[in-house]
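Colleague:
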Ligand code: HEM
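Residue numbers (the working numbering): 585 to 1085.
1) Less than 9 Å between the C-beta atoms of residue 637 and residue 674, yes or no?
2) Could you please give the first and the last residue of the uninterrupted beta strand (DSSP E) stretch that includes residue 1065?
3) Where residue 841 and residue 678 are concerned, what is the direct C-alpha to C-alpha distance, given to the nearest angstrom?
4) Output the boundary residues of the alpha helix (DSSP H) element that contains residue 984.
5) Would you report the Cα separation of residue 1018 and residue 1000, rounded to the nearest angstrom?
6) Just the Cα atoms here: how many angstroms apart are residue 696 and residue 688?
7) Could you name the residues of the same chain whose beta carbon sits closer than 6 Å to that of residue 950, not counting the 5 residues immediately before and after it, in chain order?
8) Excluding the 5 residues flanking residue 665 on each side, which residues of the same chain have their C-beta closer than 6 Å to its C-beta?
9) Suppose you measure from the CA of residue 799 to the CA of residue 786; what does that come to, to the nearest Å?
10) Give the C-beta separation of residue 958 and residue 926 to the nearest angstrom, bearing in mind that I take them to be a contact with Cβ-Cβ under 8 Å.
11) For residue 813, count the other beta carbons within 10 Å of its own beta carbon; 16 or more makes it buried, fewer makes it exposed. Which is it?
12) I want to check one thing, is the minimum distance from the CB of residue 808 to the heavy atoms of the ligand MN below 8 Å?
13) Assuming residue 888 is part of the alpha helix (DSSP H), what are its boundary residues?
14) Pull up the distance between the alpha-carbon of residue 933 and that of residue 754, whole angstroms please.
15) Any contact between the segment 896–904 and the segment 779–798? By contact I mean 3 or more CB pairs, one from each, below 8 Å.
16) Would you report the Cα separation of residue 827 and residue 776, rounded to the nearest angstrom?
17) Examine the ligand HEM and report whether any of its heavy atoms sits within less than 8 Å of the Cβ of residue 910.
18) With a cut-off of 8 Å, do at least 3 Cβ pairs link the segment 903–911 to the segment 1067–1076?
19) Assess contact between the segment 1043–1051 and the segment 928–944, defined as three or more Cβ pairs (one per stretch) separated by less than 8 Å. Is contact present?
20) Looking at the ligand HEM, does it come within less than 8 Å of residue 699, judged from the CB to the closest heavy atom?
21) Please report how far the alpha carbon of residue 992 lies from the alpha carbon of residue 1066, in whole angstroms.
22) In three-state DSSP terms, what is residue 671?
23) Would you decide whether residue 718 is buried or exposed? Buried here means 16 or more other CB atoms lie within 10 Å of its CB.
24) Quick check on this structure: which residue in 728, 896, 886 and 1029 has the alpha carbon closest to the alpha carbon of residue 848?
25) If we ignore side chains and look at the alpha-carbon of each, how far apart do residue 731 and residue 883 end up?
26) According to DSSP, what are the bridge partners of residue 1054?
27) Let me check one thing: in DSSP terms, what residues is residue 637 bridge-paired to?
28) Return the chain-ordered ranges of every alpha helix (DSSP H) run that is complete within the segment 967–1022 and spans a minimum of 4 residues.
29) Name, in chain order, the residues that DSSP records as bridge partners for residue 676.
30) Under three-state DSSP, which class holds residue 546?
31) Would you kindly report the start and end of the unbroken alpha helix (DSSP H) that includes residue 820?
32) Sorry if obvious, but does the Cβ on residue 966 come closer than 8 Å to a heavy atom of the ligand HEM?
33) Would residue 1028 be called buried (16 or more neighbouring beta carbons within 10 Å of its own) or exposed?
34) Can you say whether residue 863 is buried or exposed, counting buried as having 16 or more other CB atoms within 10 angstroms of its CB?
35) On the criterion of 16 or more Cβ atoms from any shown chain inside 10 Å, does residue 986 qualify as buried, or is it exposed?
36) I need the DSSP call for residue 705, collapsed to helix, strand or coil.
Quick look at the structure:
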């Protein structure tokens, strides 16, 4: 949804004669088969009103902005595999609900995939060039994006991330003890996501700064407390800026949400500055920050901007997925038991988890994949393509934001058998029947999530440690998701924990 608000410089869209030729030949082939239908015939909600387009349906119509993901399931059943809507200023956007269309989109994204940028972040950073040399990896486009992405992709490769296992495992072990300390009189952890938030910020701080914030202790460092508060505010402001009236565009000084965002971003900037100085003094290359600084491929200021983007992009996504993992396992005893059997058969009570053992746990990995499918935090991946494409038989012009709605493909029976059931076994190679594009938790291709390997390492390590120690029982059986910038639990997830041995 938010991506549709992006105003786009379509210089990226003018690719080459080769692209036009390839599109024309696809069209010709399809026309010969009489299949390509024009853009304006794509079905979708109507009427499209001046200024508002079809966005009125979220305010006075059948849909709710905070249930955008569920609205898309309704649109799939109502209009079919492709839908056209018009948002602010009647700019068209297209939603697709077919994995084969996702594949077409990703195959056409070119060398510099375009995901619409976050406008208010770009606005702020462009007005503060002394601090921010670029708008940041998540918002950059074209060659500038690739130049920043390459060193970051190396720093976040699986091989480098695997080296983070020992400190991340220690954090997971501490989290296991922490959960026991904060349970209530009935052994219930009353707001699992609040706690997994601490886990993910502690883990990200270790990754980025090679430094613990002591989030699980009463004596959390002042930096830790400030970083947690600033990251939370940053995320809240994102949500308000995306979905509120765009006051910030006309008068940023009078927009409370924009000012909240600026304060949060500045707080993280200042805290990060301190760690950059420390990292430069230490210079032993043990954190991502030091690795990036020592590679000399990015300037100090670029590294700082990148760390802010990591915290913004990584904290809530990882903590929410961790909370959903515990909830799904608490709700599904059979899967929980099978996972515990896998862990117990390989590790005695006195043994600590190792990376080799972690890598051998196929059911654990299948459980996390199933959580990503059933309880994904990012409901669609968006691209703006440099060339026209044919999707579900319709021509979609270059420059149109296209939403690949993987939340929908993950939840309809056409793409997954018994889609609403938590069945990790479906991810075992021999029983896989689904199209690989139908679940896309980290996006796809060269612009996919940089933090993928790190998030998976954290989720696997923490889940294994928690499940070795506790039996989980759900107190809140079905917590719905709400679209709050990403998908998050609508109400607190409560889980009863009982020591297993
Ligand atoms: C469960 C956790 C996470 C999920 C589900 C997730 C998901 C995503 C998705 C769907 C995208 C867009 C990909 C695309 O357009 O193809 C993305 C981009 C990104 N993510 Fe993550 N993410 C997670 C954790 C993290 C972490 C821990 C970090 C940082 C350490 C991170 C940093 C980024 C960055 C920087 C981008 C933008 C990449 C670019 O534009 O080149 N993410 N993430």
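Backbone N, C-alpha and C define an ideal beta-carbon position, used for all residues, glycine too.
Modeller: On the basis of the data shown:
1) With respect to residue 674, residue 637 sits close: the two C-beta atoms are nearer than 9 Å.
2) Run containing residue 1065: 1065–1068, per the beta strand (DSSP E) assignment.
3) Each residue's alpha carbon lies about 28 Å from the other.
4) Secondary structure note for residue 984: it is in no alpha helix (DSSP H), with a DSSP letter that is neither H nor E.
5) Computed Cα separation, rounded: 6 Å.
6) Those two C-alpha atoms are separated by around 16 Å.
7) Contacts found: 1008 and 1011.
8) Only 681, 682 and 976 meet the Cβ criterion.
9) In this structure, the alpha-carbon of residue 799 lies about 6 Å from that of residue 786.
10) Contact flag wrong, Cβ pair sits at about 20 Å.
11) Here residue 813 is exposed, its C-beta having fewer than 16 other C-beta atoms within 10 Å.
12) In the structure on display, the ligand MN does not appear, and the ligands it does have are the ligand HEM.
13) Unbroken alpha helix (DSSP H) run through residue 888: 884–915.
14) Cα to Cα, the separation comes out at about 16 Å.
15) Yes, the segment 896–904 touches the segment 779–798.
16) For residue 827 and residue 776, the distance between alpha carbons rounds to 26 Å.
17) Every heavy atom of the ligand HEM is 8 Å or more from the Cβ of residue 910, so no.
18) Taking 8 Å as the limit for Cβ pairs, the verdict is that the segment 1067–1076 does touch the segment 903–911.
19) Yes, they touch.
20) Taken from the Cβ of residue 699, at least one heavy atom of the ligand HEM lies inside 8 Å.
21) Going from the Cα of residue 992 to the Cα of residue 1066 covers about 15 Å.
22) In the structure shown, the three-state DSSP call for residue 671 is strand.
23) Buried, because 16 or more other Cβ atoms sit within 10 Å of the Cβ of residue 718.
24) Nearest option by C-alpha distance: 896.
25) Residue 731 and residue 883 have their C-alpha atoms some 12 Å from each other.
26) In DSSP, residue 1054 forms a bridge with 1083.
27) Beta-bridge partners assigned by DSSP to residue 637: 633.
28) You should have 990–993.
29) Residue 676 pairs with 670.
30) Nothing about residue 546 can be reported from this structure: the residues present for the chain run from 585 to 1085 only.
31) Where residue 820 is concerned, the enclosing alpha helix (DSSP H) stretches over 806–827.
32) Checking every heavy atom of the ligand HEM against the Cβ of residue 966, one is found closer than 8 Å.
33) With 16 or more other Cβ atoms within 10 Å, it is buried.
34) Per the 10 Å Cβ criterion, buried.
35) Per the 10 Å Cβ criterion, buried.
36) Reduced to three states, the DSSP call for residue 705 is helix.
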